[in-house]
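According to mature numbering (1 follows the signal peptide of the UniProt record, and there is no 0), the stretch in the sequence shown is residues -18 to -1, 1 to 202, in order.
Structure first, then comments.
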Amino acid sequence: MELLPLVCLCLLSCSGDAVRVVVEQDSDAVLPCLISTKENITGKLFDWKKDGQKEVFMYDAGIHYNNGRTGQDEQFKGRVSHFQDQLKNGNASIKITRTKMADSGNYSCDFPRHQPSQPFIIELVVGAAPEPYIKILAETKHWRLLQCEAHGDPLPTVEWKDSDNNTLPAEKPHISERGGRSYVTVKITVTKTDNYSCVATQETLSHQVAANTSVLLAGE
Ligand SMILES: *[C@@H]1O[C@H](CO)[C@@H](O)[C@H](O)[C@H]1NC(C)=O
Ligand SMILES: *[C@@H]1O[C@H](CO)[C@@H](O)[C@H](O)[C@H]1NC(C)=O
Ligand SMILES: *[C@@H]1O[C@H](CO)[C@@H](O)[C@H](O)[C@H]1NC(C)=O
Ligand SMILES: *[C@@H]1O[C@H](CO)[C@@H](O)[C@H](O)[C@H]1NC(C)=O
Ligand SMILES: *[C@@H]1O[C@H](CO)[C@@H](O)[C@H](O)[C@H]1NC(C)=O
Ligand SMILES: *[C@@H]1O[C@H](CO)[C@@H](O)[C@H](O)[C@H]1NC(C)=O
């Protein structure tokens, strides 16, 4: 029996000139930002805002929201940090932990005292599907009943494929709620020895993730 663990998956892609970061809910997101001159910014000011208004993270010569500065938006309290050892390289990236759906949006990273001041825009999308979970429900010498479970927001479409990448006829997807989340499960009965994969796709996020299972049927 093969039980695949859920893994956190972050991916970076570019849409136009904005960088897009797609992460799972309840994971960590690193939003990249690098000053064009790559100069030491340890003694400088940088400011991260969400959707042009919410204060996410402000750093001014060592003073920031995690060591006494006030003004951070309630939504981000205790969840945002910078990378102190990276400041000398001009790297003003931040990490947001325990991401929520409400964190999705456009973030700007600005060096307001630096000329020319051109904020970097990073689009954060929370809700990526983690690796699906494959479970064996029943088996005989001649067949095996497999179930694949996936979640994410938007709910992914789920397909079963064989090792030749053919989409296999499976049962109708079943949607259920658990702990305030929607899950989609798709069952399939396989009758051949092969490596099968369950593929979860979120078209709107250009996100796809798969889990594999190897089936050896002694009765063949
Ligand atoms: C970076 O700047 C800080 C403060 O301005 C200074 O203390 C530090 O030595 C500098 N680091 C490097 C590697 O230049
Ligand atoms: C900036 O720092 C982050 C966190 O350490 C790192 O992941 C990223 O690669 C750095 N970016 C650059 C351009 O060095
Ligand atoms: C970011 O901004 C773009 C352009 O204004 C918009 O289409 C997109 O929906 C925004 N992203 C999020 C996650 O709100
Ligand atoms: C598998 O098929 C899909 C279309 O069904 C295609 O988009 C994808 O690139 C194929 N993958 C491989 C590894 O051939
Ligand atoms: C299944 O994958 C394993 C490696 O993970 C490979 O050794 C084996 O040949 C594959 N079997 C089939 C039927 O594709
Ligand atoms: C599953 O198999 C596909 C194709 O063989 C491979 O690209 C993918 O990395 C595998 N996924 C995992 C989680 O092993």
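Heads up, the beta-carbon is just placed ideally off N, CA and C, and yes, glycines get one too.
These numbers come from a predicted model, not from an experiment.
Burial state of residue 20, where buried means 16 or more other Cβ atoms lie within 10 Å: Around the beta carbon of residue 20, a 10 Å sphere encloses fewer than 16 other beta carbons of the protein chains shown; the residue is thus reported as exposed.
Could you check whether the segment 5 to 22 touches the segment 107 to 115, counting it as contact only if at least three pairs of C-beta atoms, one from each stretch, sit closer than 8 Å? Touching, yes, given that three or more Cβ pairs across the two stretches are closer than 8 Å.
Environment of residue 185 [buried if 16+ CB atoms lie within 10 Å]: For residue 185, the number of other beta carbons within 10 angstroms of its own is below 16, and it is reported as exposed.
Residue range of the beta strand (DSSP E) that includes residue 129: 126 to 133 is the extent of the beta strand (DSSP E) around residue 129.
Taking C-alpha atoms, which residue in 40, 115, 188 lies nearest to residue 25? Among 40, 115, 188, the Cα nearest to that of residue 25 is on 40.
Taking the beta carbon of residue 67 as the centre, do at least 16 other beta carbons fall within 10 Å, making it buried, or is it exposed? Burial call: exposed.
Span separating the alpha-carbon of residue 91 from that of residue 190: Near 28 Å, if we compare the C-alpha coordinates of residue 190 and residue 91.
What do you get for residue -5, buried or exposed, if any count of 16 or more other CB atoms within 10 angstroms of its CB means buried? Because the pLDDT of residue -5 is 34, which lies under 50, any placement of that residue in the model is unreliable, and the number read from its coordinates should be weighed accordingly. Burial call: exposed.
Between which residues of its own chain and residue 72 is the CB-CB distance below 6 Å, once the five residues before and five after are set aside? 16, 17, 20, 21, 23, listed in sequence order.
In whole angstroms, what separates the C-alpha of residue 83 from that of residue 199? Roughly 42 Å between the two C-alpha positions.
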